[in-house]
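Engineer: Residue numbers (my numbering), protein chains in the order written: chain G, 1 to 95; chain H, 101 to 195. Each residue gets a CB set at the ideal place from its N, CA and C atoms; glycine is no exception.
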């Protein structure tokens, strides 16, 4: 299982639009048949910091996600609303 | 849902013992009735970096985890095998 911990920083003026776009991207991604889990979270100690925690059972499942219509449409929109784009940490699940 | 992304750095000489202790802690934690998910992962780009991603439905469920026998026994052991202890990022799940 490939596990992605992706973080973004969002300025207050972009917050409403970002939440709208990212909520839709998270819902559609979580609903993908090959998705092992997709969680959109907000840091408790900093409301401008968000993360999305993704679980992809196989490299193919992640690739299919990246090729999906909702990703191609919403991901660039979401990135434009962040300060420095997305910072990814990619890991392998041990347990 | 409270989501915890906790990271640790482990030196090569402590690796085998750390993996043994942390694998047991992860398995027992994931099996707790109130646990919403517990994932122990290793960074793909740095084998000395690990994270455990925890999902706790309520503050009580996390408190019960911290009071469990396996946590009280294994968590301090695990910490002793890391370089700087555990770095926690606590978040709220939005989606």
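#1: Can you grab the Cα-Cα spacing for the pair residue 62 of chain G / residue 95 of chain G, in whole Å?
#2: Is DSSP giving residue 144 of chain H helix, strand or coil here?
#3: What's the call for residue 182 of chain H, buried or exposed, on a 16-neighbour Cβ count within 10 Å?
#4: Buried or exposed: where does residue 126 of chain H fall if 16 or more other Cβ atoms within 10 Å of its Cβ makes it buried?
#5: What's the C-alpha gap between residue 28 of chain G and residue 128 of chain H?
#6: Using a Cβ cut-off of 9 Å, which residues of the stretch 33 to 60 of chain G contact any Cβ in chain H, in chain order?
#7: So the candidates are H:104, H:169, H:137, H:149; which of them puts its Cα closest to the Cα of residue 115 of chain H?
#8: At the level of alpha carbons, what is the spacing between residue 185 of chain H and residue 145 of chain H?
Structural biologist: Walking through what the data contain:
#1: Here the question's residue 62 of chain G lines up with position 62 in the first chain. Here the question's residue 95 of chain G lines up with position 95 in the first chain. Distance from the CA of residue 62 of chain G to the CA of residue 95 of chain G, rounded to the nearest whole angstrom, comes to 20 Å.
#2: The residue labelled residue 144 of chain H in the question sits at position 44 within the second chain. If DSSP states are grouped into helix, strand and coil, residue 144 of chain H belongs with coil.
#3: Walking along the second chain from the start, residue 182 of chain H turns up at place 82. Note on residue 182 of chain H: 16 or more other CB atoms within 10 angstroms of its CB, so buried under the neighbour-count rule.
#4: Here residue 126 of chain H is taken as the residue at index 26 of the second chain, counted from 1. Buried, because 16 or more other Cβ atoms sit within 10 Å of the Cβ of residue 126 of chain H.
#5: Here residue 28 of chain G is taken as the residue at index 28 of the first chain, counted from 1. Here residue 128 of chain H is taken as the residue at index 28 of the second chain, counted from 1. Cα to Cα, residue 28 of chain G sits roughly 32 Å from residue 128 of chain H.
#6: If the cut-off is 9 Å between Cβ atoms, the stretch 33 to 60 of chain G has 37, 38, 39, 40, 41, 42, 43, 44, 45, 49, 50, 51, 52, 53, 55 near chain H.
#7: What you label residue 115 of chain H is simply residue 15 of the second chain in a count that begins at 1. Taking the Cα of residue 115 of chain H as reference, the smallest distance to any Cα among H:104, H:169, H:137, H:149 is reached at H:149.
#8: Stepping through the second chain from its first residue, residue 185 of chain H is reached at position 85. Stepping through the second chain from its first residue, residue 145 of chain H is reached at position 45. Each residue's CA atom was taken as its position, placing residue 185 of chain H and residue 145 of chain H some 20 Å apart.
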